[in-house]
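Trainee: What follows is a single structure, and I will ask about it in a moment.
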Amino acid sequence: MRIALHNGQHVDLAHCDRQDWQKLYMASVGQEIKCMHCGKPVRLRLTIQHEPTFVHRHPSELCLQKEVDYIEQKQQVKSNHTSSPTGTFVGSFRLPKQQKISNGSTEMIKKWKEPERMTSFPPFIPNEVNTNQSRSPFDERLKEQGIFLNDDQWQAITTTEGPLLIIAGAGSGKTRVLTTRAAYMISEQQIDPLSMLLVTFTQKAAREMQERMSTYFTLPTNRLKRLAIGTFHSIFYRIAAHATPEKWRMDKLLKWDWQRMQLLREHGQKKGLDEKEFAYDQALTQISWWKNHMLHPGDIQPKSTWEENCLYLYEGYERSRISQQWFDFDDMLIGAYETLTQNHELLARYQERFRYLFVDEYQDINKVQYELIRLLTQKEKNICVVGDDDQSIYSFRGSDPSYIQAFERDYEHAKQIVLKDNYRSSHPIVMCAQNVIHHNKQRIAKSVRAQYDSEKAPLLFYPYDEEEEATMILSDIQEKIASGTSPSAFAILYRTNVSVRAMFERLVASNVPFRMEQEGESFYQRSTVRKVLAYLRLSVNQDDPKAMEELLPALFLKKDTLQELKAITIFHDCSLLDALLHLKNVQPFQQKKLKKLLPYFQKLPHLSPTQAISMIEKHMGLTDFIKKRGNEGNVMDRGSDDLKDLIVAANSFATIPTFLDHVSHMIAKHHELKKAPAQEEAVQLMTIHRAKGLEFQHVYLLSAVEGSLPHDYALDAWREGDDRPLEEERRLMYVAMTRAQEQLFISVPSMRRGKNAQRSRFVREMLRNHRQHQRKGVEQ
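full-length UniProt numbering applies: residue 1 is where the sequence shown begins, and numbers increase by one.
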């Protein structure tokens, strides 16, 4: 059905504005949309692959006939109207009716846009592998355990001497190759496992390698125990601690983020950096980045107010750490490097001990890790590194793909083997991902090929905005779960945590189990958002002390002003809000601003949430606060963007109290989810960074538009002539796409943050290849 009743009025999906579909969907969830004939509730179906329609669970023939009659009646009225045209005549010539002029950014997108499936690829050519071929008795034993290696993998595991670079494309079985190579060297070449070192980035990867070695291969346990497998930090910490144990006692380790954060806050308070306003977690990341680049405070020339503040904290952090003889995880690697470079005899012993070095995820190493590897391999140069520069996405941690790209320059006579067979994703997904990543200029040339084909090619779909995007994805997942798919088969990926707000809210309101990788606070607890909510809460309750405490920094008043305000409320018998007029220790210009502010608070309760936010921004001082915060903050953290996102969220609510109730509910749900044990059978929400190394049957990628993916900061750098951030964004897109095994859905909303959105250049790159293939097909 396309027509139903809402509040007694007819709603025709063919003629209502596209921006109203989401509101109609929410109204239908609340059973406010009714059948024209029987009056029973109908549900608006708003999903990815089908035009919107009202779904009646048990329609009678009369229900369906009522819609037909209504449409025919409307067409008849229209026909009568057009048969007697009206207008302005000049002589016998009738002038055309005046058309409305579009204002561009607010133009309504009324029409459903058909999703676009990427189907025109070069045909899939099966990669014929002779699995019966016997290369050696070791190969036979592998096959008995269900391990079948292709020619590239076999070449990689049997190349054991000298420097070896294994370029492992997405889904190419790199962990299997690493563990099999180690087993081959121990069992077939009789290399002492004590002389081998396998370095990983995570404890999970190290455990997986150990388990595979013990499960897959019939190697004696006592021999396997001699093999050193561990993370960079665990291995090099042991090296440093063995040399100077008194310096590296575990009780001196700053193990938790809150310990390091506490140190930063202690020094930040001296500079007046309010912990609610200043992003200490991001400052900690910046300090770690400097350390991983082996930059001491004296080496740094700050380029912005943000970096000046971070450098101040870095200096104080290091003074406190050193005076207390503490160390953090970054210091472990720096300490190991200093130990080995200062003690040549010790370095020689480790070079003799670890004659064979394996490094996993080599594209993710940073400068200090690179230097440590160079130290250990100076003598023998029996180093095997595995990685993929196309999946280097951790520059914020100090990772740099140039290290893997320069491997063959660093190690003379190095051999390169490319694992180009993708065993994870279908041919259309692999081809789409290749079409994107091939546009990066700084990369090792390679082409990955899939091992199976599929009719379910990647699908671009076109929601109106973030809210409709979330609804369409949820509806699609619900329909698939109803057909028998497990919730754990789905992953929803996004560039930044802010992007998932609408999706989180839609899932909270549904019965679909989900799990979200927690990285930070709720959207509604971000600094700028908290300020706006404080304005709104005080407009509803002028004596809300928490809201007033939150608001004071936005008014450029000190936090201890709250106590003075409380005293004024008693002395003058007035509200906290009115007490602002009686403050004494403020400048005349501030008194003038506060006096102008109060009448606006009286107007706010009579406005819709979006109208109220607009007034707060334009007339109540919020713009000045955001500007100041933008000048002092990280480029990744823009208060003005948070404000735009908040306006989109508020647009679904008619009154300020209902919106504030919704906000409180979402904050509570976010806290609840943090404390709840992780569900196994659940839809997964995570950033693309968190998803690296994982795989899912069905992947949904949010907001593939300019400013989101690629991120604004990368576009700004690109405009200034720096291509590196943009190339990393393209690698992020590649990583996101190659998480999908069977189906990949890429969302391209028409609006983002209340403005027209431009589809991501990465999507355009996919479409360019797609349409080129289409044209070739027509010509043929």
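The C-beta atom is built at its ideal place from N, Cα and C for all residues, glycine as well. Keep in mind that this is a model prediction, so the values were computed, not measured.
Throw me the rounded Cβ distance for the D330 and N292 pair, which I believe falls under 8 angstroms.
Mentor: About 6 angstroms separates the two Cβ atoms, so the contact holds.
Trainee: Rounded to whole angstroms, what is the Cα-Cα separation between A470 and R730?
Mentor: Those two C-alpha atoms are separated by around 23 angstroms.
Trainee: Taking DSSP as the reference, what is the three-state secondary structure of A740?
Mentor: Three-state result, A740: strand.
Trainee: By Cβ distance, which residues of its chain are closer than 7 angstroms to A206, with the 5 residues on each side in sequence left out?
Mentor: Only T200, I229, G230 and T231 meet the Cβ criterion.
Trainee: Out of S323, H242, Y370 and L660, which has the shortest C-alpha to C-alpha gap to L346?
Mentor: Nearest option by C-alpha distance: H242.
Trainee: Out of V648, A450, Y362 and K566, which has the shortest C-alpha to C-alpha gap to L198?
Mentor: Here the closest residue by C-alpha is Y362.
Trainee: Given this structure, state the Cα-to-Cα distance separating R249 from D299, to the nearest angstrom.
Mentor: About 28 angstroms.
Trainee: Would you mind reading off the limits of the alpha helix (DSSP H) that contains H344?
Mentor: Element bounds for H344: H344 to R353.
Trainee: From what residue to what residue does the alpha helix (DSSP H) around M261 run?
Mentor: D257 to K270 is the span of the alpha helix (DSSP H), which, as asked, contains M261.
Trainee: Can you give, in chain order, each stretch of the beta strand (DSSP E) that sits fully within the stretch 475-509 and has at least 3 residues?
Mentor: As far as the stretch 475-509 is concerned, its whole beta strand (DSSP E) runs of at least 3 residues are 490-494.
Trainee: Which residues in the same chain as L673 place their Cβ atom closer than 7 angstroms to its Cβ, once the five residues preceding and following it in sequence are excluded?
Mentor: Closer than 7 angstroms at the Cβ level, and outside the excluded window around L673, lie M516.
Trainee: Please classify H344 as buried or exposed, where buried requires at least 16 other C-beta atoms within 10 Å of its C-beta.
Mentor: By the 10 Å Cβ count, H344 comes out exposed.
Trainee: Take the Cβ of F571 as the centre, count every other Cβ of all protein chains shown within 10 Å, and call the residue buried at 16 or more, exposed below.
Mentor: That one is exposed.
Trainee: Would you tell me roughly how many angstroms separate the C-alpha atoms of P41 and A682, rounded to the nearest one?
Mentor: So the alpha carbons of these two residues sit roughly 29 angstroms apart.
Trainee: How would you write the range of the beta strand (DSSP E) that F358 sits in, first residue to last?
Mentor: Start and end: Y356 to V359.
Trainee: Alpha carbon to alpha carbon, how far is H6 from E32? Give it in angstroms, no decimals.
Mentor: Near 6 angstroms, if we compare the C-alpha coordinates of H6 and E32.
Trainee: Going by DSSP, what residue range makes up the alpha helix (DSSP H) through M615?
Mentor: Counting along the chain, the alpha helix (DSSP H) containing M615 begins and ends at P609 to H619.
Trainee: Which of the three DSSP states is assigned to V663 in this structure?
Mentor: Helix.
Trainee: Tell whether a beta-carbon distance below 7 angstroms holds between A491 and Q684.
Mentor: Yes, they are a contact pair.
Trainee: Return the Cβ separation of P59 and L13 in integer angstroms, given the expectation that the two are a contact with Cβ distance under 8 angstroms.
Mentor: 16 angstroms between Cβ atoms; not a contact.
Trainee: Measure the alpha-carbon distance for E72 versus Q65 and round it to whole angstroms.
Mentor: Near 11 angstroms, if we compare the C-alpha coordinates of Q65 and E72.
Trainee: Run through the DSSP bridge pairs and tell me what L5 is partnered with.
Mentor: In DSSP, L5 forms a bridge with H10 and K34.
Trainee: Considering L701, what are the terminal residues of the beta strand (DSSP E) in which it resides?
Mentor: L701 -> beta strand (DSSP E) spans F696 to L701.
Trainee: With DSSP collapsed to three states, give me the class of T53.
Mentor: It is a strand residue.
Trainee: Just the Cα atoms here: how many angstroms apart are C63 and L701?
Mentor: If I take the Cα positions, the gap works out to 38 angstroms.
Trainee: How would you call I239, buried or exposed, if buried means at least 16 neighbouring beta carbons within 10 angstroms?
Mentor: Result: buried.
Trainee: State buried or exposed for Q9, treating a residue as buried only when at least 16 other CB atoms are found within 10 Å of its CB.
Mentor: Classification of Q9: exposed, given that the 10 Å Cβ count is below 16.
Trainee: Are the CB atoms of I166 and I417 within a distance shorter than 7 angstroms?
Mentor: Result yes, Cβ atoms of I417 and I166 sit closer than 7 angstroms.
Trainee: G693 bridges to which residues according to DSSP?
Mentor: Note: G693 sits in no beta bridge, so no partner.
Trainee: Any chance you could list the alpha helix (DSSP H) runs of at least 4 consecutive residues sitting entirely within the stretch 178-203, in chain order?
Mentor: The qualifying runs do not exist here; there are none.
Trainee: Can you tell me where the alpha helix (DSSP H) with K367 in it begins and where it stops?
Mentor: Looking at the DSSP string, the run of the alpha helix (DSSP H) that includes K367 is K367 to L376.
Trainee: Quick check: the Cα distance between residue 828 and K644, rounded to an integer number of angstroms?
Mentor: Because the chain in this structure spans residues 1 to 780, residue 828 falls outside the shown range and cannot be described.
Trainee: If contacts are defined as beta-carbon pairs under 8 angstroms, then F653 and P609 qualify, I think. What distance do you get, rounded to the angstrom?
Mentor: The pair is a contact, with the Cβ atoms about 5 angstroms apart (cut-off 8 angstroms).
Trainee: Can you check which of these residues, Q741, K595, Y713 and F138, is closest to F396 by C-alpha distance?
Mentor: The shortest C-alpha separation from F396 is found at Y713.
Trainee: Can you give me the Cβ contacts of M261 inside the same chain, cut-off strictly under 8 angstroms, excluding the 5 residues immediately before and after it?
Mentor: Once the five neighbours on either side are set aside, the close Cβ partners of M261 are Y280, D281 and L284.
Trainee: Would you say the stretch 166-176 touches the stretch 419-438, given that touching needs at least three Cβ pairs under 8 angstroms?
Mentor: The stretch 166-176, when compared against the stretch 419-438, does touch it at the 8 angstroms Cβ threshold.
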